[in-house]
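If you're matching positions, the sequence shown starts at 1 in full-length UniProt numbering and goes up one per residue. Beta carbons are placed, not taken as given, at the ideal position from N, Cα and C, and that holds for glycine. Note that this is a predicted model, so its numbers are computed, not measured.
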Amino acid sequence: MAWRSSSGLYNIIIQRSKSCRLCDGRQNITNPYTFFNILRHNRAQRSPLQHSFARYETTRGVSTGSGSGLPLNPSGRDCQVTEDSSAAPTPSPRQMTKRKLQVSSSDGPTFRDFIANSHRQNTEVEVPVRDDCIPYLSEDIEEGRSRRVYFETYGCQMNVSDTEIAWAILEKSGFQKVEDISHADVILAVTCAIRENAEQKIWNRLKYFQSLKNNRRKGEVPLKIGLLGCMAERLKKKLLEQSKTVDIVAGPDAYRDLPRLLNVAGSGQTAINVMLSMDETYADVVPVRLDKDSKSAFVSIMRGCDNMCSYCIVPFTRGRERSRPIDSIVDEIRALSDQGVKEVTVLGQNVNSYRDVSEESYYSNSANEGSAVSEPTRLARGFKSIYKPKKGGRRFADLLERVALVDPEMRIRFTSPHPKDFPDEVLYAIRDFPNICNQLHLPAQSGSTKVLQLMRRGYSREAYLELVDHVQTAIPGVALSSDFIAGFCGETEEDHEDTMSLLRLVKYNYAFLFAYSMRQKTHAYHKMQDDVPEEVKQRRLREMITVCRDGMAEINATHVGAKQLVLLEGTSKRSEKDLVGRNDANTRVVIPNTPIPACNGHHHGNNNQSMKPGDYIAVEITESNSQVLKGRPLYHTTLAGFSLSDLDHQQRSQVQ
C-alpha cells in the first residue's frame with residue numbers, strides 16, 4: 001500500500017500513538033484515514049501527534065494541501081467524515097474511540113500529499129526546460145564518477161564510427177577512456193553479427209573477460225562487461241541468459257542510454273536496451289575520435305537498410321533506412337578538416353541510398369511538382385528494388401557535391417553501397433571532383449543470375465556487367481572492388497563457375513570473399529535450406545580467393561612505371577625505414593622514408609623536406625604484387641596541384 005510505503009510518516013504515527021491525547025494511550029493507530037480524521041476533530045488543540053506531523057512537514061517538505069493542515073483527497077477537498085460532526089459538540093477521547101467513523105473510499109491521502117516541497121511557503125524552484133531533453137536519461141556529469149572504460153571494436157567501419165559516438169556520450173557523462181584493459185572498470189565490445197564466425201570471436205573473448213572479473217581484487221570496483229552493436233541487437237536477452245559475464249546489452253540505436261545502463265549495472269543488476277529507432281542517426285552527437293593523430297576519419301551519414309537481401313541480417317540489427325541532414329554532415333566534415341584530417345570515408349549500411357528529408361522543401365511533392373527533388377529515386381539501369389521507389393529529399397549525388405566542396409585538399413571515399421543506387425549523377429560527381437576518389441565498391445555477391453535471384457539482389461549477371469561497363473566509361477581509370485559469397489543456398493558447381501568467370505572478367509582491385517553463414521530471422525533462414533556442405537563452401541572459397549588474387553596482381557602490375565598521388569598514413573609495420581600510404585584506388589603503397597623536394601606549382605623546390613603522415617607525395621611505382629605497390633618518392637605536392645597532366649594515362653585507363 002502507498003501508505004505503508006511512506007515509512008517516515010507512518011513510523012511517526014506508530015511511535016506517537018500512545019502519547020496522543022485523543023488516543024488516550026490505548027489506541028494503536030494503523031489506519032491513515034482514522035489518523036487524519038482525528039486531526040480534523042482536534043484542530044483547536046494540537047496534540048503531540050499533530051506536532052509530530054507538523055514537524056514531519058517541515059523536515060520532509062510534505063504539504064498538507066490546505067490551510068487547515070489536512071491532506072487533500074483527489075478532488076482537492078479536505079477529507080470528509082460521512083457523519084456531520086461539525087454541528088455536534090466535540091466528543092471526548094473515550095467517546096471518539098467508541099464511535100465508528102465512516103470514511104468514503106475517495107477520502108484520505110494520495111501520492112500528491114507526500115510530494116516534497118510542493119507547497120512550501122516563500123519557496124520557488126525554477127526548473128530549466130529543455131526541448132531536447134530525454135526523460136529517462138540523466139545528464140548529470142557525475143554519472144560516470146570517473147569510471148574507466150575500455151573499448152574493443154569488431155567488424156565493419158560503421159562499428160568504428162559507432163565506437164566514437166558511444167565514447168562521446170560516455171565522456172560527456174564523466175567516464176574516462178583507458179588504453180590498457182587491465183585498468184578498466186568497464187569493458188565495452190562493439191560487436192558484429194554478419195556471420196557466425198564474427199559472433200564466435202565474441203563468445204571466446206567473453207571467457208577472457210570473465211577471467212578479468214574473477215581476478216578483480218577485493219575492494220576494487222566490480223568490473224562490468226557490455227556488449228554493444230549488431231550481436232547485441234540480434235541476440236537481445238539471450239546474451240544475458242547464455243553468459244553470466246555480460247552485464248550490459250545495448251543495440252546500435254541505444255548508445256544515448258549507455259550512462260543509465262552503466263549506472264543500473266553498477267547497482268548489481270543487468271541492463272538491456274535493444275530498441276531500434278525509426279529516426280535515430282546521432283546527428284547531434286559529435287564523435288570523439290579514437291585516434292586523434294590519424295589523418296583519416298569516418299563519418300556516418302545514414303543508418304539501416306531496406307533492401308532485405310535474403311542472406312543478410314543487417315535490416316534486423318540496424319533497422320530501417322534513415323539519413324542525417326546534409327548540413328550536419330557538412331559541419332562535421334568541416335570540423336575534421338580544421339583538425340587536419342586529410343581523408344574522410346562517409347559510411348552507411350546502404351550509403352548511396354542516402355536521402356535527406358529533413359527540410360520540407362525537399363520532400364513536399366505538392367510544393368515541388370515536376371522538380372528533381374519530387375521524382376522517385378533513380379536506380380542504375382537494369383536494377384530494381386524490393387520496395388517502392390522513394391520520392392523526395394536530397395540524394396547521394398547532392399551530398400557528394402556538398403562534401404567535396406568543404407576542402408579541396410581532403411579526399412572523400414564512401415562505403416558500403418548497393419549497385420542499384422548508382423544513377424548517372426553519382427558517377428558524374430565522382431568524375432568531376434578531383435578529391436572524390438576514383439574507386440567504387442560494387443558488391444556482386446555472385447556471378448550467377450539464378451543465385452542472385454535467390455539472394456533477392458534485384459539484378460542479373462548481365463545487368464551487373466552492363467553497370468561495370470557504364471561505370472568504367474563514365475569514370476576513366478576507376479578502380480573497382482566487390483563482395484562475394486561462396487556456397488549460398490542452392491548454389492551448384494555451375495553457379496560457382498559463373499562467379500569465377502565474373503572474377504576473371506572484371507579483375508577487381510580487391511574483394512571481400514566469405515563462405516555463406518546462415519543467419520536467423522533472414523528470408524533464407526525461413527524459406528531456404530543451407531544445403532551446401534561446409535567443406536564444399538571452403539573449397540569454393542579457396543578457389544575464388546586464388547582467382548581474385550591473380551586478378552589483383554595483374555592490375556597492380558599495370559601501375560609499374562606510373563606516377564601516382566599517395567596520401568601517407570605512417571610508418572610501415574614491416575620496417576621503420578619505410579612509410580606506407582594509399583593511392584586513389586585505395587591500394588597500399590610503400591616508399592622509403594627519405595627527405596624529398598618540396599613542390600612549388602610545377603617547379604620542384606631544391607630544399608629537401610622530410611615526409612610525415614598527412615602529406616601528399618608524388619610517387620613513381622617501381623614494384624608490385626597482389627597486395628601492395630612499392631615506389632620511389634618524387635616530391636611533396638597537393639591534391640589540387642597533382643594535375644591530370646601528371647597522371648600516367650595508362651594508370652588512368654587501367655580498367656578499360
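- Counting along the chain, no beta strand (DSSP E) covers Q157; the unbroken alpha helix (DSSP H) around it starts and ends at 157-172.
- Rounded to whole angstroms, A271 and A232 show a C-alpha spacing of 12 Å.
- Distance from the Cα of R411 is smallest, within the candidate group P389, Q445, S296, for S296.
- When secondary structure is reduced to three states using DSSP, R456 falls in the coil class, being assigned neither helix nor strand.
- The beta carbon of P595 sits closer than 8 Å to those of N608, Q609, S610, M611, all from its chain and outside the five residues before and after it, given in chain order.
- Going by beta carbons, Y154 and V190 fall inside the 8 Å limit.
- For R632, the enclosing beta strand (DSSP E) has its first and last residue at 628-637.
- Restricting attention to alpha helix (DSSP H) runs no shorter than 4 residues, the region 228-297 encloses them at 230-235, 237-242, 258-266, ordered along the chain.
- By the neighbour-count definition (other C-beta atoms within 10 Å, threshold 16), Y459 is a buried residue.
- In the structure shown, the three-state DSSP call for D531 is coil.
- If the five residues before and after I436 are omitted, its C-beta is found closer than 7 Å to the C-beta atoms of L400, A404, I412, A429, I430, all from its own chain and listed in chain order.
- Counting C-beta pairs with one atom in each stretch, the region 320-327 and the region 284-304 have three or more that are closer than 8 Å, which means they touch.
- A189 is bridged by DSSP to E152, L227.
- Pairing V468 with M455, the inter-Cα distance amounts to about 20 Å.
- Burial state of Q627 is exposed, judged by a 10 Å Cβ sphere holding fewer than 16 other Cβ atoms.
- Assignment of beta-bridge partners to R588 by DSSP yields R582, V628.
- L227 sits close to I202, with the two beta carbons spaced by under 8 Å.
- In the three-state reduction of the DSSP assignment, N556 falls in the helix class, which pools H, G and I.
- For M302, the secondary structure class from DSSP, reduced to helix, strand or coil, is strand.
- CA-to-CA, the gap between S416 and K218 works out to about 47 Å.
- In its chain, beyond the 5 residues on either side, T163, L188 have a beta carbon closer than 6 Å to the beta carbon of F151.
- Annotation for R378: P423 place their beta carbon closer than 6 Å to its own, counting only its chain and skipping 5 residues before and after.
- Remark: three or more beta-carbon pairs, one from each stretch, lie closer than 8 Å, so the region 441-449 and the region 484-498 are flagged as touching.
- M278 is classed as exposed because its beta carbon has fewer than 16 other beta carbons within 10 Å across all chains shown.
- The alpha carbon of D407 has as its nearest neighbour, out of K292, F484, V426, F433, the alpha carbon of F433.
- For the pair C230 and T345, the CB atoms are not nearer than the 8 Å cut-off.
- DSSP, reduced to helix, strand and coil, places Y464 within a helical segment of the structure shown.
- In the structure shown, the three-state DSSP call for Y354 is coil.
- For A380, the three-state secondary structure derived from DSSP is coil.
- The three-state secondary structure of E620, taken from DSSP, is strand.
- When the five nearest sequence neighbours on each side are left out, the beta carbons in the same chain lying within less than 7 Å of the beta carbon of C309 are those of M455, R456, R457, in order along the chain.
- Collapsing the DSSP output to three states places I596 in a strand.
- Under the 8 Å Cβ criterion, the region 164-175 counts as touching the region 281-290, having at least three qualifying pairs.
- In the three-state scheme derived from DSSP, where H, G and I count as helix and E and B as strand, K201 is classed as helix.
- Excluding sequence positions up to five before and after M544, its CB lies within less than 7 Å of the CB of F484, A486, T499, M500, L503, L513, all in the same chain and listed in chain order.
- Across the structure, G174 and Y255 are spaced so that their CA atoms are roughly 15 Å apart.
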